[in-house]
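Each residue of the sequence shown is one higher than the last, beginning at 44 in this note's numbering.
Heads up, the beta-carbon is just placed ideally off N, CA and C, and yes, glycines get one too.
To start, the structure under review is shown below, and the notes come after it.
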Amino acid sequence: MTRILTSAAAQLGPIARNETRASAVARMIDLMKRGKERGVRYMVFPELALTTFFPRWYMEDWKEVETFFEKQMPTKDVLPLFEKAAEWGIGFYLGYAELTEDGHHYNTSILVNDKGRIVGKYRKVHLPGHSEYEAQRPWQHLEKRYFEPGDLGYPVWRSMGAIHGMAICNDRRWPEMYRSMGLQGVEIISLGYNTPDENTAAAEPKHLRNFHNDLVVQSGAYQNSCYVIATAKAGIEEGVGLIGGSLIAQPSGEIVAKAQTLGDELVVADLDLDLTVMGKQTIFNFANHRRVEHYARITGQTGVELPPEGDLEGEDVLSGK
Ligand code: ING
Numbered sequence: 044m045t046r047i048l049t050s051a052a053a054q055l056g057p058i059a060r061n062e063t064r065a066s067a068v069a070r071m072i073d074l075m076k077r078g079k080e081r082g083v084r085y086m087v088f089p090e091l092a093l094t095t096f097f098p099r100w101y102m103e104d105w106k107e108v109e110t111f112f113e114k115q116m117p118t119k120d121v122l123p124l125f126e127k128a129a130e131w132g133i134g135f136y137l138g139y140a141e142l143t144e145d146g147h148h149y150n151t152s153i154l155v156n157d158k159g160r161i162v163g164k165y166r167k168v169h170l171p172g173h174s175e176y177e178a179q180r181p182w183q184h185l186e187k188r189y190f191e192p193g194d195l196g197y198p199v200w201r202s203m204g205a206i207h208g209m210a211i212c213n214d215r216r217w218p219e220m221y222r223s224m225g226l227q228g229v230e231i232i233s234l235g236y237n238t239p240d241e242n243t244a245a246a247e248p249k250h251l252r253n254f255h256n257d258l259v260v261q262s263g264a265y266q267n268s269c270y271v272i273a274t275a276k277a278g279i280e281e282g283v284g285l286i287g288g289s290l291i292a293q294p295s296g297e298i299v300a301k302a303q304t305l306g307d308e309l310v311v312a313d314l315d316l317d318l319t320v321m322g323k324q325t326i327f328n329f330a331n332h333r334r335v336e337h338y339a340r341i342t343g344q345t346g347v348e349l350p351p352e353g354d355l356e357g358e359d360v361l362s363g364k
């Protein structure tokens with residue numbers, strides 16, 4: 044019996060700094076309602092989907108910073124989303140800023156099943172940007188200031204008939220993320236992102252933002268024979284352009300569905316979970332093909348260690364012939 048999980052990337056357009064949580068949730072419920080009409084049973088909202096992407100601003104006052112964080116989940120504002128999920132039988136991924144009881148700050152996502160129950164939590168491991176104000180930038184990217192690196196690793200969860208994994212934004216650029224879950228048999232990796240359409244750290248042609256978005260998601264899906272659902276917060280948000288391009292990639296690495304706009308948009312596809320099997324049993328049968336004895340650098344070494352200076356002489360194979 045084929046295992047079809049009709050799913051969606053639930054892309055959001057800009058969220059203004061003064062937009063309420065209730066307003067963002069109402070927009071997400073509208074997308075969920077549209078999903079229900081299209082037989083969607085699982086949907087992925089963006090990273091930090093309850094507020095504007097606040098790491099674009101330097102804020103001295105942590106009281107102000109913490110206005111963008113949630114102290115519990117669900118809060119009263121988010122509860123309606125859980126209630127609709129249970130009423131309509133639609134599970135979801137939600138990204139938000141988490142403030143724990145013991146005062147830790149994480150860029151977090153949760154996996155909620157089609158009964159409205161929280162199945163899993165992930166905290167963003169790869170934090171891009173910087174931790175101090177950098178005057179030369181047109182806007183800041185202070186994720187290293189406002190968040191701690193995630194402390195939960197890359198778990199997977201069985202839910203809604205599939206093996207799910209989660210990631211957030213910059214994580215999608217790191218192959219270690221996908222493989223950590225590929226080694227647990229993951230079938231669907233969900234991730235949300237807020238990606239400025241201009242690199243403020245170095246001169247880079249703008250079109251590369253969208254090219255890299257597809258490249259890394261397609262590669263991760265193919266190399267781990269899984270689906271990847273990647274959902275943008277898109278559009279001009281508080282004066283800063285965020286790329287759209289939400290997409291669903293299948294285990295072949297091909298894109299099966301892609302966003303058309305920079306606004307609130309549902310990108311729907313039938314995920315046939317049995318399409319993950321061929322790759323896992325043949326070309327990416329990790330047990331048959333991986334040679335872990337040669338991979339030590341990947342977990343043993345953080346940065347680059349260059350070889351000794353100077354070109355090697357090389358073996359002389361010509362003279363004396
Ligand atoms: N945003 C961006 C991302 O990784 C970024 C930051 C963009 C880093 C481009 C490097 C290059 O998509 C988040 N929120 O991680």
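{"Check": "Three-state class that DSSP yields for P239 in the structure shown", "Outcome": "strand"}
{"Check": "Span separating the alpha-carbon of V260 from that of L309", "Outcome": "18 Å"}
{"Check": "Chain C within 8 Å of A69, Cβ atoms only", "Outcome": "Judged by its chain identifiers, the structure shown contains no chain C, having just a single protein chain."}
{"Check": "Nearest residue (CA-CA) to S295, options A264, G282, V283", "Outcome": "A264"}
{"Check": "Among M209, E141, R180, S268, nearest to A246 - alpha-carbon criterion", "Outcome": "R180"}
{"Check": "Neighbourhood of T323 by C-beta distance below 6 Å, restricted to the same chain and skipping five residues each side", "Outcome": "For the sequence presented, residue 323 should be read as Lys rather than Thr. Only S268 meet the Cβ criterion."}
{"Check": "Candidates N242, L251, G196: closest to M224 by CA position", "Outcome": "G196"}
{"Check": "Cutoff 8 Å; reference T238; Cβ partners in own chain excluding five residues on either side", "Outcome": "C212, R252, N256, A275, L285, I286"}
{"Check": "Proximity test, P351 beta-carbon vs ligand 1 heavy atom, cut-off 7 Å", "Outcome": "no"}
{"Check": "R84 burial status per 10 Å Cβ neighbour count (16 or more: buried)", "Outcome": "buried"}
{"Check": "Beta-carbon proximity check, R166 vs D145, cutoff 8 Å", "Outcome": "no"}
{"Check": "Which listed residue (P218, A65, R46, R81) has its alpha carbon closest to that of A53", "Outcome": "R81"}
{"Check": "Residue burial classification, V335 (beta-carbon count within 10 angstroms, cutoff 16)", "Outcome": "exposed"}
{"Check": "DSSP beta-bridge partners of K276", "Outcome": "L55"}
{"Check": "Contact test: Y139 Cβ vs ligand 1 heavy atom, cutoff 7 Å", "Outcome": "no"}
{"Check": "C-beta contact flag for L234 and M203 at 8 Å", "Outcome": "no"}
{"Check": "Rounded Cβ spacing between E109 and L137 (contact assumed at less than 8 Å)", "Outcome": "Wrong, their Cβ atoms sit about 19 Å apart, outside the cutoff."}
{"Check": "Option nearest R201 by Cα separation, candidates L185, A178, Q227", "Outcome": "Q227"}
{"Check": "Cβ pair count under 8 Å reaching 3, the stretch 147 to 159 against the stretch 113 to 129", "Outcome": "yes"}
{"Check": "Rounded straight-line distance, which links the Cα of F97 to that of L74", "Outcome": "23 Å"}
{"Check": "N237 beta carbon near ligand 1 (any heavy atom closer than 7 Å)", "Outcome": "yes"}
{"Check": "Residues that R201 bridges to, as DSSP identifies them", "Outcome": "I206"}
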